[in-house]
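A.B. asks:
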Amino acid sequence: MNIVGARIDGRLVHGQVANLWTPKLQADRIIVVDEDAAKSDIQKSGLRMATPLTTRLSVLPAQVAADHLIHERYGNQRIFIVAKKPAAFLDLLNLGLKLDTLNVGTMSQTDTTKQVTKQINVEEKDVEDFKKIADKGVKITAQLTPSDDSHDFMKLMNEKIK
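Count along the sequence shown from 1, add 169, and you get the number used in the numbering used here.
(1) Let me know if P255 comes out buried or exposed under the rule of 16 or more other beta-carbons within 10 Å of its beta-carbon.
(2) Hey, A303 and I248: beta-carbon distance below 8 Å or not?
(3) Following the continuous beta strand (DSSP E) through A252, name the residue where it begins and the one where it ends.
(4) Give me the residue from H240, T275, Q284 and K253 with the minimum Cα distance to G265.
(5) Applying the criterion that 16 or more other CB atoms from any shown protein chain within 10 Å of the CB defines a buried residue, is R222 buried or exposed?
(6) Counting along the chain, where does the beta strand (DSSP E) carrying S227 start and finish?
(7) Tell me the residue span of the alpha helix (DSSP H) that contains T286.
(8) If I follow the unbroken beta strand (DSSP E) through T310, where does it start and stop?
(9) Apart from the five residues on each side of it in sequence, which residues of its chain come closer than 6 Å, Cβ to Cβ, to A206?
(10) If you reduce the DSSP assignment to three classes, tell me which class H320 lands in.
(11) Counting only runs of 4+ residues fully inside the segment 184-231, write out the alpha helix (DSSP H) ranges in chain order.
(12) Thinking C-beta only, is M276 closer than 8 Å to G184?
(13) Looking at R225: is its Cβ nearer than 8 Å to the Cβ of R198?
(14) Please classify M140: does DSSP put it in a helix, a strand, or coil?
(15) How many angstroms separate the CA atom of T191 from the CA atom of A231?
(16) Throw me the rounded Cβ distance for the K253 and D203 pair, which I believe falls under 8 Å.
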């Protein structure tokens with residue numbers, strides 16, 4: 170299994186993921202882990218349009234993604250996993266996937282979120298899920314683009330969310 174990146178981004182595949190992160194990581198395949206998108210041909214079509222032409226795309230529910238990754242279905246491909254919320258990564262970890270690092274990108278503000286950074290807003294469940302992910306030994310970073318500095322996300326979150 171050759172996971173070169175794991176990122177939370179509320180927009181899934183878009184400019185930053187497609188044009189900055191994918192080339193930086195030299196990813197051959199983006200795996201979007203999203204239960205709703207996996208069931209929607211319209212969402213999958215939109216994600217395919219945003220994906221670089223030289224990069225493969227899979228849009229899968231967590232169970233299928235974990236199974237494919239654990240059983241090395243993608244061979245030597247360099248895999249970049251993207252999901253909207255930490256819950257998807259917690260599901261992958263609970264299903265047996267191993268991750269070293271999780272990068273938190275954009276999580277949009279809503280009526281039920283608290284701000285961690287200008288681009289990262291979390292709900293109470295997100296806070297709980299991030300703590301569970303960190304407890305599994307995953308290093309969680311906050312880094313909007315590859316040219317930005319990487320920050321310890323848990324430290325940022327714990328300073329902002331009391």
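Quick reminder that beta carbons are idealized off the backbone N, C-alpha and C, glycines included.
C.D. replies: To lay it out plainly:
(1) buried
(2) no
(3) I248 to A252
(4) By alpha-carbon distance to G265, the top candidate from H240, T275, Q284 and K253 is H240.
(5) A small correction: the amino acid at residue 222 is Leu; Arg does not occupy that position in the sequence shown. The residue in question, L222, is exposed, as its Cβ has fewer than 16 Cβ neighbours within 10 Å.
(6) R225 to L229
(7) Premise fails: T286 is in no alpha helix (DSSP H) and is neither H nor E.
(8) K308 to A311
(9) Q212 and V228
(10) strand
(11) 191-194, 204-208 and 210-219
(12) no
(13) yes
(14) In this structure the chain extends from 170 to 331, so residue 140 is not present and cannot be described.
(15) 21 Å
(16) 6 Å
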